[in-house]
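Below is one structure, written out as structure tokens; comments come after it.
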Amino acid sequence: MGGQLLEMQAITKGFGPVKALDGAAFTLERGEIHALLGVNGAGKSTLIKVLSGVYPQDAGSIWLDGTELALNSPKAAKKNGIYCVYQEVDTALIADLSVAENILLDSFAAAGPLFVSKRKIRSRAREVLSRLQSEHIDVEQKVSQLSLADKQLVLIARALVHSAKIIIFDEPTAPLSVHEADKLFSVIRSLSAQGVGCIFISHRLPEVFELCSRITVMRDGRHVAGFLTAQAEQQEVVEAMLGRALSRELQHVEHAVRDTLLTVENLSDTRKLKEISFTAASGEVVGIVGLVGAGKSELAKALFGAAEQVSGKISLGGQPLRLKHSADAIKSGIALIPEERRKEGLFVHESLEANASFPNLRKFSGRLFMNKVEEQRFAHLIIDKLKVKTSDTTTPLTHLSGGNQQKVAIGKWMSLDSRLYLFDEPTKGVDIGAKVDIFHLIRELAESGKSCLYFTSEIQEALGISDRILVMCDGRIVKELTREQATQERILLYASGGEEAV
Amino acid sequence: MQAVEKKLSKQHTTQEKVIGFLYKYGAIGLLAIIILYFSSISSAFFSYGNFTDILRSISIVTLLALGVTFTLVVDGFDLSVGSTMSLSTVFTASLMVWYDLPLWLVLLLPLVIGVLVGLFNSFLIVIIGIPDLLATLSMMYIVAGLHRTYTEGYSIYNYMPLTSGGTASGEMSSAFLWIGQGHLLGLPVPVWIMLAVVSVAYVVLQHTRWGRVFYMTGGNPEAATLSGVNVKKVKTIAYIVSGTLASMAGILFTARVGSGQIDAGAPLLMEAVAAVFVGYAVLGAGRPNVLGTFFGAAVIGILLNGLTIQNLPYYAFDIIKGGVLVAALAVTYVYAKRRFAKT
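Protein chains in written order, with the numbering used here: chain A, 1 to 502; chain B, 1001 to 1343.
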């Protein structure tokens, strides 16, 4: 096509002691669709944020069309024609304005005439949308009434108004249906034909292979491999993403799996979950692995009675459950450690004591009055047992680190003697020390006969802790793997919607 | 460079300490200063008689403020308490003057009205999903309109002429008036009632399982739901408590004045709200709490009493009340901003 457009050289970016980018490099040609791949934490998002001016790099240089750029603000990046279509489109759009106004927002937000001609805006917006073959979008409609896919198109159109040279697509297909994704691909292809350089980030390998001409793989903040898609195999890309010589972090101890405790049959909801069936036994840790958006949290919530319009059968210990509210699940002996710890799991402005006793207040109160001595004793029990690093049970939880907060979110269920524990991404935002403590705790729970479901998108963690792994993709359980069968490559392949060639 | 940063952070912490100290003890300090000031300029102020007067004058607004406290604890806000009190005031009076009902019904039926207002508020908020402030604002108007319609715009008093001709048959019994005007063990009866309600509310919110559920629901409704709390039910109860306390305030007002004044509760709404927000700052609670609310009502009561002794005209009182509310809100929000900025 047409020569080098962008070159990023030896980009380094640290957050405190952690180096998110460590000499990362990336190049993009004019009119090229280039995939940027890597597992969670590989540094993709940081690299994109450096390129779009959100974070200034600590070291390294960025060249566009042969000139070095100093991108110290998102505005500077836009001025140079670098635009980003984020996954959360709603944060970039103003819901109550029309499509046309949103497309031309920057041009009248910054400067320009005091009076804005609505007619001109509309015709300009129509013109840009037609370049995207998206004439079906009514430019006078409010953005809030559009589908997600159309909102993405509005964002792309906004970039085109400013004659974008580079458009970054950060996991744009995660929330889209197959049909919508196909439509988006044809838009991206037409952009590339018009000479725009497109950077495409996705967890789904098949679509990367369908759409992109080149692939760059990042790992540990570095460029580790580049492929021409035409000559690459899915398997080798996955191996590059993971690094070949990865060993299992956790030593697995074999132990007795007892009777089936949980049986789920044909669980569906109206949005995400489709005909999910599986079982879990006492003493077993079942890893439920899927990429972001696969429906893990939805499944966890459904099993906890915290989702709406769920159909299908759930039974625990042979008893069929009717879960209308979380209270029903708690009574039946189910505990949930939710993904959004601060939002859903804890009362961060309350003390450790108050948090710990809350799910089972009756145990810490006589007929009515709170027994604060008993509460404090239990708080100390959690601190000791879960190695929570704090000396004080009365300070608000905001003062604790993420890992310690998570331990409280787990510990608060210990007064209930639950039979089934649902862990939804329990290691998210948790440091490595606390992570190990949490793993040990989960294994201990299993060994004492509890059944644990471990929902995660971190494949390595699932491999380390699980007796059995269920892979989720698009709201379905697409594969069940025993410990022996499970490898990172296979899990990632199934989780990204792939199939093994038999 | 590092030394500068260190110095800056040190300054920062001393500044923070001062603010923290003011937040914790500022309200109490301010009250002490007010009392000292009024005592120094007027001998009538610092006397047993005047203090019981102050307590009696705040007894009604304290009941209203406690209702508002309950709704704020669950992260709601009841603006309809003033109107509910007005309705209860005229309703109570009418039960005696118009209908000659026995005392127990006169005390019970207005409470039922309060419960109904609370239920309707929570229906709008919990079932329909109108934001608390807007739902109760609408209810404030509806209830105010109801109470004026009920009395056809007149206040209700003994043997009043009726629009249908003739005079009303009933009168307020002395037993009823004792509730608002009598004394018991050296204190006015309304003060005893206020102290009893304050104590019960304090114990419930601070020391019982229910109180914990109330606060947690307000603090993080999602986490409360996932801990098995029926958030809708809890909110409904809070609004029922609020409506009931407002009705009690209305009964008390009727007994105190001896007639069913129209629009009795309207001016008390902002006073009650101010009391609650002053309460946020007491001992650094940072959230609605019963003792703080009582303290807040006392601060406002003392201020108004002192200024009355100073002959401040009554029509300037709203400036004082509004000023206290602004000051309390400023302290609360400045502190909250700093606290959340850190985390």
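Glycine residues also receive a C-beta, built at the ideal position from the N, C-alpha and C atoms. Owing to the predicted nature of the structure, the values given are computational and were not obtained by experimental measurement.
Cut-off 8 Å between Cβ atoms - residues of its own chain near residue i, not counting five sequence neighbours on either side
i: Thr504 of chain A; result: Absent from the structure is residue 504 of chain A, since the part of chain A shown begins at 1 and ends at 502.
i: Thr1343 of chain B; result: With a pLDDT of 37 at Thr1343 of chain B, under the threshold of 50, the modelled position of this residue cannot be trusted, and the question is left open.
i: Gly1301 of chain B; result: Ile1054, Leu1055, Ser1057, Ile1058, Val1061
i: Ala193 of chain A; result: Gly31
Straight-line Cα distance separating residue j from residue i
i: Gly1265 of chain B; j: Gly1250 of chain B; result: 8 Å
i: Phe209 of chain A; j: Thr229 of chain A; result: 6 Å
i: Phe358 of chain A; j: Val1213 of chain B; result: 8 Å
i: Val178 of chain A; j: Ile477 of chain A; result: 18 Å
i: Val1197 of chain B; j: Asn1050 of chain B; result: 22 Å
i: Ile1352 of chain B; j: Phe1120 of chain B; result: An answer regarding residue 1352 of chain B cannot be provided, because it is not within the stretch 1001 to 1343 covered by chain B.
i: Ser496 of chain A; j: Ala462 of chain A; result: 16 Å
i: Gly1258 of chain B; j: Val1200 of chain B; result: 27 Å
i: Cys212 of chain A; j: Asp474 of chain A; result: 22 Å
i: Val430 of chain A; j: Gly464 of chain A; result: 17 Å
i: Asp138 of chain A; j: Leu273 of chain A; result: 32 Å
i: Pro1221 of chain B; j: Val1231 of chain B; result: 7 Å
i: Leu250 of chain A; j: Gln57 of chain A; result: The predicted model places Leu250 of chain A with a pLDDT of 47, which falls under 50 and marks its position as unreliable, so this point remains unresolved.
i: Met1216 of chain B; j: Ile438 of chain A; result: 26 Å
i: Leu1064 of chain B; j: Gln405 of chain A; result: 38 Å
i: Val1191 of chain B; j: Gly317 of chain A; result: 58 Å
i: Leu104 of chain A; j: Ile1142 of chain B; result: 45 Å
i: Glu375 of chain A; j: Leu1185 of chain B; result: 40 Å
i: Ile382 of chain A; j: Thr1236 of chain B; result: 34 Å
i: Val50 of chain A; j: Ala157 of chain A; result: 23 Å
Candidates the options: closest to residue i by CA position
i: Glu88 of chain A; options: A:Val39, A:Gln152, A:Leu129, A:Gln145; result: A:Gln152
i: Ile1113 of chain B; options: B:Leu1185, B:Val1191, B:Met1248; result: B:Met1248
i: Arg222 of chain A; options: A:Val436, A:Leu47, A:Leu5; result: A:Leu47
i: Ser1169 of chain B; options: B:Leu1108, B:Ile1320, B:Ile1156; result: B:Ile1156
i: Leu1031 of chain B; options: B:Ile1309, B:Lys1233, B:Val1278; result: B:Val1278
i: Ile1179 of chain B; options: B:Pro1131, B:Phe1123, B:Ala1255, B:Ser1242; result: B:Ala1255
i: Ile199 of chain A; options: A:Gly318, A:Leu481, A:Leu5; result: A:Leu5
i: Gln145 of chain A; options: A:Val99, A:Ser315, A:Ser448, A:Thr270; result: A:Val99
i: Tyr1150 of chain B; options: B:Pro1188, B:Leu1184, B:Met1140, B:Ser1088; result: B:Ser1088
i: Val1282 of chain B; options: B:Glu1152, B:Ala1316, B:Tyr1025, B:Val1203; result: B:Tyr1025
i: Met1140 of chain B; options: B:Ile1193, B:Val1061, B:Val1081, B:Val1229; result: B:Val1081
i: Arg308 of chain A; options: A:Ser315, A:Leu36, A:Leu323; result: Just to set this straight, residue 308 of chain A is Glu in the shown sequence, not Arg. Minimum Cα distance to Glu308 of chain A is reached at A:Leu323.
i: Lys75 of chain A; options: A:Ser107, A:Val388, A:Val285; result: A:Ser107
i: Leu97 of chain A; options: A:Asn266, A:Gln141, A:Arg131, A:Gln133; result: A:Gln141
i: Leu191 of chain A; options: A:Val116, A:Tyr83, A:Arg271, A:Glu458; result: A:Tyr83
i: Ala35 of chain A; options: A:Lys78, A:Gly411, A:Ala24, A:Ile168; result: A:Ile168
i: Gly411 of chain A; options: A:Pro320, A:Ile276, A:Lys387; result: A:Lys387
i: Leu1166 of chain B; options: B:Val1203, B:Asn1158, B:Ser1039; result: The sequence shown places Gly at residue 1166 of chain B, not Leu. If we check each option's Cα against that of Gly1166 of chain B, B:Asn1158 comes out closest.
i: Lys313 of chain A; options: A:Glu499, A:Ser268, A:Leu176, A:Ala300; result: A:Ser268
i: Gly3 of chain A; options: A:Thr390, A:Thr279, A:Arg126, A:Val196; result: A:Val196
Where residue i meets chain B, residues with beta-carbon distance less than 8 Å
i: Pro426 of chain A; result: None at all; the shortest Cβ gap to chain B is about 14 Å.
i: Pro359 of chain A; result: Ser1227, Gly1228
i: Arg362 of chain A; result: Arg1209
Neighbouring residues, chain B, relative to residue i (Cβ below 7 Å)
i: Ala531 of chain A; result: Outside the modelled stretch of chain A, which goes from 1 to 502, sits residue 531 of chain A, for which no answer is possible.
i: Ala327 of chain A; result: Gly1228, Asn1230
Within chain B, the residues that residue i reaches when beta carbons sit closer than 9 Å
i: Leu321 of chain A; result: Ordered by position in chain B, no residue passes the 9 Å Cβ test against Leu321 of chain A, which lies about 14 Å from the chain.
Chain-ordered chain A contacts of residue i [CB-CB under 7 Å]
i: Asn1289 of chain B; result: The contacting residues do not exist; Asn1289 of chain B stays about 14 Å from chain A at best.
Contact set for residue i: own chain, Cβ-Cβ below 6 Å, skip 5 residues either direction
i: Glu435 of chain A; result: Note on residue identity: the sequence assigns Lys, not Glu, to residue 435 of chain A. Once the five neighbours on either side are set aside, the close Cβ partners of Lys435 of chain A are Thr427.
i: Tyr1335 of chain B; result: Tyr1023
i: Ala181 of chain A; result: Thr173
7 Å CB neighbourhood of residue i in its chain, flanking five on each side removed
i: Asn371 of chain A; result: Phe364, Ser365
i: Val1090 of chain B; result: His1147, Tyr1150, Thr1151, Ile1156, Gly1260, Ile1262
Taking any Cβ of chain B, which residues in the stretch 331-351 of chain A have a Cβ under 7 Å from it, in chain order?
Leu336, Pro338, Lys343, Glu344, Gly345, Leu346, Phe347, His349, Glu350
When Cβ atoms are compared, which residues of the stretch 1211-1224 of chain B fall closer than 9 Å to chain A?
Gly1211, Arg1212, Val1213, Tyr1215, Met1216, Gly1219, Asn1220, Glu1222, Ala1223, Ala1224
Within 9 Å of chain B by C-beta, residues of the stretch 94-107 of chain A in sequence order
Flagged: no residues at all.
What residues in the stretch 34-64 of chain A have a beta carbon less than 7 Å from any beta carbon of chain B?
none
Of the residues that make up the stretch 366-379 of chain A, which ones have a beta carbon closer than 7 Å to any beta carbon in chain B?
Leu368, Phe369, Met370
In the stretch 1182-1211 of chain B, which residues sit with their C-beta less than 7 Å from some C-beta in chain A, listed in chain order?
His1207, Thr1208, Arg1209
Interfacial residues, the stretch 187-206 of chain A to chain B, with Cβ spacing under 7 Å
none
Any residues in the stretch 451-472 of chain A with a beta carbon nearer than 9 Å to a beta carbon of chain B? Which ones, in chain order?
none
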